[in-house]
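Working notes, structure below.
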Amino acid sequence: MVNKTLLYFFFILPIAILSQTKTGEDEDYVNDNVLKYDDYNYKSSIKTVQIHESSWEFSLPIIDLNGTEQIDLTFDDLDADKRQYNISFIHCNADWTPSDLMISEYLSGYFDLNIINYYFSTNTLQKYIHYDILFPQQNLKFTKSGNYIVYVYADGDKKDLVLSRRFMVYDPKVAIAANFRQTIGGGEQYNKQHIDFTINGSGYDITNPYRDLKVAITQNNRWDNAVTDIKPTFLGGNTLTYSLDDASTFNGGNEFRYFDARSVRFYSEKVKEIYKDANLKNHIVLYSDVPRAAKPYLFYNDFNGKYLIKNNDFKGSQDVEADYVYVDFFIPYLNPETTGNFYVLGKLTDWRMNKMSKMTYNYKRLGYETQLFLKQGYYNYIYVLSNDANKSGDETLMEGNYWDTENDYAILVYHRKIGTYYDQLLGYKKLNSLKK
772 MVNKTLLYFF
782 FILPIAILSQ
792 TKTGEDEDYV
802 NDNVLKYDDY
812 NYKSSIKTVQ
822 IHESSWEFSL
832 PIIDLNGTEQ
842 IDLTFDDLDA
852 DKRQYNISFI
862 HCNADWTPSD
872 LMISEYLSGY
882 FDLNIINYYF
892 STNTLQKYIH
902 YDILFPQQNL
912 KFTKSGNYIV
922 YVYADGDKKD
932 LVLSRRFMVY
942 DPKVAIAANF
952 RQTIGGGEQY
962 NKQHIDFTIN
972 GSGYDITNPY
982 RDLKVAITQN
992 NRWDNAVTDI
1002 KPTFLGGNTL
1012 TYSLDDASTF
1022 NGGNEFRYFD
1032 ARSVRFYSEK
1042 VKEIYKDANL
1052 KNHIVLYSDV
1062 PRAAKPYLFY
1072 NDFNGKYLIK
1082 NNDFKGSQDV
1092 EADYVYVDFF
1102 IPYLNPETTG
1112 NFYVLGKLTD
1122 WRMNKMSKMT
1132 YNYKRLGYET
1142 QLFLKQGYYN
1152 YIYVLSNDAN
1162 KSGDETLMEG
1172 NYWDTENDYA
1182 ILVYHRKIGT
1192 YYDQLLGYKK
1202 LNSLKK
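Here it is in structure tokens:
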């Protein structure tokens, strides 16, 4: 990776970042001068945003405060006109509201970085510029653990927001042990996945864990269905035990659906049709999907909702030689659902339920359909129902729920010391449901 040049702004320009109000369905690209403490694109030209620990593109965006890991942030700008993009950071509480820390209290060195690595697309019908930056860097270090927002802004104007993404920095102070089991009673033992876990704080003082400790569990890096505000069941010495069925329990879901859009020349398994429209844009029509809730569980390997960018038609750099294509989805459904809206969910829609991911009912075809503009690659997705797009998506009707499903989980332990005014992230544990 090419070294990045740094751009330092000593004075912090004011940003309109205090509003988090959400009403109804998430609106795309509105109030673009108001920062959301979430994964969000403020410009319609911004596509394929990825953020992860730099050693593996499927890893979570989390690094050790005292380690050498870096976060890799990449994105495409379909405007294809070079602009000056910078990034800066906001420290957040466990619930992703901004903490009361000043920027000088959680950053050492520079407070902003200039994104100098950019590459123009080649051999593509859709022109774009691919941007890439690693952090922390030699002259910008994090000094506090916790939740963070990285945001990109344009032309030195922090009100000209481009995108924001969540990531985490942890300072390992406690040990976490966990195991999976079926729920007890209630008829959900074949549909749910429950996690029992312990937190051992030997050598670290947690005065009042019920008040000062916060635990969050995510499934496949989704925040819409994250379990939070979990309280310990037992306290014994330095060990906290969490084992209540009504707490750390998730829908098992199903293995993710998939399609292969790595080629616009050859048809892959799920592709029904490939064509160019009058504007010479590539289209891929997928075969109709089928609701799976009433079908037996079938295991197969998946990416747990992620995607892999790749173009099989050209063998150069995948970052700049993968083209953009329109992908058409359809799933039959006898009557329109009256309890909510269906959405395509996965990393391909940034795990968001909004206008982009929302499906519409086609009365002639008797089913739900939508179209997404995606970079060539191999994709995972599911269909979820939500009656409030700001809350959790439910896969029950379209996908079913199975105890056997393979899912990735992350346990995050936050602590607010007496006399401090921020939540530090002092425990992180990654686990997989197949390793029961």
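Here the working numbering is used: the first residue of the sequence shown is 772, the next is one more, and so on. Yeah, the Cβ is synthetic: ideal placement off N, Cα and C, and Gly gets one too.
Write down the C-beta distance between residue i and residue j rounded to the nearest angstrom, noting that I regard them as a contact closer than 8 angstroms.
i, j, result
"ARG1063", "GLY972", "42 angstroms between Cβ atoms; not a contact."
"TYR922", "SER859", "6 angstroms"
"THR893", "GLY1087", "7 angstroms"
"ASP1099", "ASN1082", "Contact flag wrong, Cβ pair sits at about 20 angstroms."
"TYR1097", "GLN1147", "With 8 angstroms as the limit, TYR1097 and GLN1147 do not qualify as a contact, their Cβ atoms being about 12 angstroms apart."
"MET939", "LEU1196", "6 angstroms"
"TYR1173", "ASN1072", "Going by Cβ atoms, the distance from TYR1173 to ASN1072 rounds to 16 angstroms, so no, they are not a contact pair."
"ASN857", "TYR924", "6 angstroms"
"ILE947", "PHE968", "6 angstroms"
Among all the DSSP beta bridges, which residues are the ones paired with residue i?
i, result
"LYS963", "ASN1022"
"PHE1070", "Partner(s): none; PHE1070 has no beta bridge."
"GLU824", "ILE842"
"LEU1015", "Answer is none; LEU1015 lacks a bridge partner."
"GLN897", "DSSP output for GLN897 lists no bridge partner at all."
"VAL940", "ILE834 and GLY917"
"SER816", "According to DSSP, SER816 bridges with nothing at all."
"ASP847", "LYS818 and HIS901"
"ARG1033", "Answer by DSSP bridge pairing: none, since ARG1033 is not bridged."
"ALA1065", "Its beta-bridge partners do not exist; DSSP assigns none."
"GLN908", "LEU911"
"ARG993", "GLN990"
For a test of the three-state rule: what should DSSP assign to residue i, helix, strand or coil?
i, result
"LYS775", "Because the pLDDT of LYS775 is 38, which lies under 50, any placement of that residue in the model is unreliable, and the question is left without a value."
"GLU876", "helix"
"GLU1092", "helix"
"ILE1140", "Strictly speaking, residue 1140 in this sequence is Glu, with Ile absent from that position. Strand, per DSSP."
"LYS1118", "helix"
"GLU1233", "As displayed, the chain neither begins before 772 nor continues past 1207, which places residue 1233 out of reach and without an answer."
"PRO1103", "strand"
"TYR890", "strand"
"PRO869", "strand"
"ASP1084", "coil"
"ASP1000", "coil"
"THR794", "At THR794 the pLDDT is 33, less than 50, meaning the model places this residue with poor confidence; the figure from the coordinates comes in the next sentence. Of the three classes helix, strand and coil, the one that applies to THR794 here is coil, per DSSP."
"ARG982", "helix"
"LYS1188", "coil"
"VAL805", "coil"
"ALA946", "strand"
"SER1039", "coil"
"ALA1049", "coil"
"ILE988", "strand"
"GLN1195", "strand"
"LEU1205", "coil"
"ARG952", "strand"
"SER973", "coil"
"SER1059", "coil"
"ILE786", "Model confidence at ILE786 stands at a pLDDT of 38, short of 50, so the residue's coordinates are unreliable; what they give is reported in the following sentence. In this structure, ILE786 counts as coil in the three-state DSSP scheme."
"GLU1177", "coil"
"THR1010", "strand"
"PHE781", "Only weak support is given to the placement of PHE781: the predicted model assigns it a pLDDT of 31, under 50, and the value that follows is read from those uncertain coordinates. Note: PHE781 maps to coil in three-state DSSP."
Taking the Cβ atom as the reference point for each residue, do residue i and residue j lie within a distance shorter than 8 angstroms?
i, j, result
"LEU836", "TYR941", "yes"
"THR1167", "SER1204", "no"
"GLN908", "LEU884", "yes"
"TRP994", "ASN918", "no"
"ASP1031", "TYR1149", "yes"
"ASP903", "ASN888", "yes"
"HIS901", "ASP1090", "yes"
"LEU1209", "LEU896", "Here the chain covers residues 772 to 1207 and nothing more, so residue 1209 does not appear."
"LYS944", "GLY1164", "no"
"SER816", "ASP850", "yes"
"ILE920", "ILE861", "yes"
"LEU911", "GLN841", "no"
"THR1004", "THR1012", "yes"
"ARG936", "ASP848", "no"
"LYS915", "TYR1185", "no"
"TYR813", "LEU1006", "no"
"PRO1107", "SER1059", "no"
Does chain D have any CB closer than 8 angstroms to the CB of residue i?
i, result
"ASN1158", "Among the chains in the structure shown there is no chain D, since it carries only a single protein chain."
Cβ of residue i within 7 angstroms of any heavy atom in the ligand ATP?
i, result
"GLY1076", "Ligands are entirely absent from the displayed structure, and the ligand ATP is therefore not among its contents."
Would you call the stretch 976-990 and the stretch 1168-1185 touching, i.e. three or more CB-CB distances under 8 angstroms? Between the stretch 976-990 and the stretch 1168-1185, the count of Cβ pairs shorter than 8 angstroms is three or higher; the stretches touch.
The stretch 1149-1156 contacting the stretch 1107-1124, beta-carbon criterion three pairs below 8 angstroms: Judged by Cβ distances under 8 angstroms, the stretch 1149-1156 makes contact with the stretch 1107-1124, as three or more pairs qualify.
Quick check: the stretch 1012-1024 against the stretch 1124-1141, are at least 3 beta-carbon pairs closer than 8 angstroms? Judged by pairs of C-beta atoms under 8 angstroms, the stretch 1124-1141 does not touch the stretch 1012-1024, as fewer than three such pairs exist.
Evaluate the contact criterion for the stretch 1046-1059 versus the stretch 1029-1036: three or more CB pairs, one atom per stretch, below 8 angstroms. In short, these stretches touch, since the Cβ pair count reaches three.
Would the stretch 825-841 and the stretch 953-967 be scored as touching if the rule is three or more Cβ pairs under 8 angstroms? Touching, no, given that fewer than three Cβ pairs across the two stretches are closer than 8 angstroms.
When you compare the stretch 980-987 with the stretch 1021-1030, are there three or more beta-carbon pairs, one atom per stretch, that lie closer than 8 angstroms? The stretch 980-987 vs the stretch 1021-1030: no contact.
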